[in-house]
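One structure is given below, encoded as structure tokens.
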Amino acid sequence: MLYLKDLTYHPPATPIPILKNIKLEIAPQQIGLVIGPSGSGKTTLLEILAGLAQPTSGNIYWGEQELTSEQLQQLGGLVFQFPERHFCGGTILEELRLGHPELGSGKVHEALNEVGLSSLSLHQAPQSLSGGQQRRLALAVQLIRQPSILMLDEPTAGLDWSMRRQLVSLLGKLKAHWTLLVVTHDAGDLLEIADQCWTINHGQLQTVEAATLGKKAVLSQLG
Ligand SMILES: Nc1ncnc2c1ncn2[C@@H]1O[C@H](COP(=O)(O)OP(=O)(O)O)[C@@H](O)[C@H]1O
Ligand SMILES: [Mg+2]
């Protein structure tokens, strides 16, 4: 269970806080979805949860345990927006093993299987894959590290309709094994797989009640 208590992020250079008193809870094997316009603080929130930035105040817990940024770096798996732009392995195998040369072929196949890429050759270049396959490879790169929480920044950005459907369906399947936090400015069909949903505006998070979880309710909260 991921639990954020009154998380605030206010770098000295900014006149107002970027994140304000964020409270959020995600149960294991659930998908949390944060929806907000550009500049509302979504990426910053994920950077803090991935241990890449330090909150100004507030606490982050996994179960009963409060986590430091170092622990968050270990526990979290962050898939950046347009993750394929950051590929640096020459082959799929190299990409999956970057920083983890000890990972055996069993783990490699398991990770590719989870994202539906098991039929690809490990020696293919990541750049030779289709856009949708590259996005799934980026997921496998994080899953192979067995993160406690998988975080995705705008996972459907730039995908065409059919690749988007495939990715949403894959994320829905992944929650059988993983806990996911997805942030997006374009919720669309991600709402169908979300267990919990929040909107974020100017760094303030607001819960969307399950009973009203639907496009209209979300759109009205976003103003
Ligand atoms: N390190 C930083 N220092 C100052 N301002 C920042 C920093 N990081 C992000 N911002 C600002 O914080 C706000 C939220 O940014 P971001 O988290 O990228 O939003 P989103 O991902 O929702 O588009 C923006 O106004 C952005 O300019
Ligand atoms: Mg962003």
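In this note's numbering, each residue's number is its place in the sequence shown (first place is 1) plus 12.
Here a beta-carbon is modelled for each residue, glycine too, at the ideal position from N, C-alpha and C.
**OP:** State yes or no: is the C-beta of Leu45 within less than 8 Å of the C-beta of Leu203?
**Re:** Yes. Within cutoff.
Original post:
Is Ser181 helix, strand or coil by DSSP?
Top reply: DSSP, reduced to helix, strand and coil, places Ser181 within a helical segment of the structure shown.
Original post:
Relative to the C-alpha of Pro60, which residue among Gln85, Glu78, Leu115 is closest?
Top reply: Position check: residue 60 holds Ile in this sequence, whereas Pro was assumed. Minimum Cα distance to Ile60 is reached at Gln85.
**OP:** Just mark Ile72 as buried or exposed, buried being the case when its beta carbon has 16 or more other beta carbons within 10 Å.
**Re:** Buried, since its Cβ has 16 or more Cβ neighbours within 10 Å.
**OP:** Measure the CB-CB distance between Leu90 and Leu217 and report whether it falls below 8 Å.
**Re:** No. Outside cutoff.
**OP:** Select from Glu76, Leu129, Thr168 the residue whose C-alpha is nearest the C-alpha of Ile47.
**Re:** When each option's Cα is compared against that of Ile47, the closest is Thr168.
Original post:
At what residues does the beta strand (DSSP E) containing Glu37 begin and finish?
Top reply: Residues 31–38.
Subject >> Terminal residues of the beta strand (DSSP E) in which Gln208 lies >> reply: Unbroken beta strand (DSSP E) run through Gln208: 208–213.
**OP:** Label Cys209 either buried or exposed according to how many other C-beta atoms from any shown protein chain fall within 10 Å of its C-beta, with 16 as the threshold for buried.
**Re:** That one is buried.
**OP:** Compute the Euclidean distance between the alpha carbons of Phe99 and Leu134, then round it to the nearest angstrom.
**Re:** One C-alpha to the other measures close to 15 Å.
Subject >> Residue nearest to Leu19 in terms of C-alpha spacing, selected from Val153, Asn125, Ala65, Met13 >> reply: Relative to the Cα of Leu19, the nearest Cα in the group Val153, Asn125, Ala65, Met13 belongs to Ala65.
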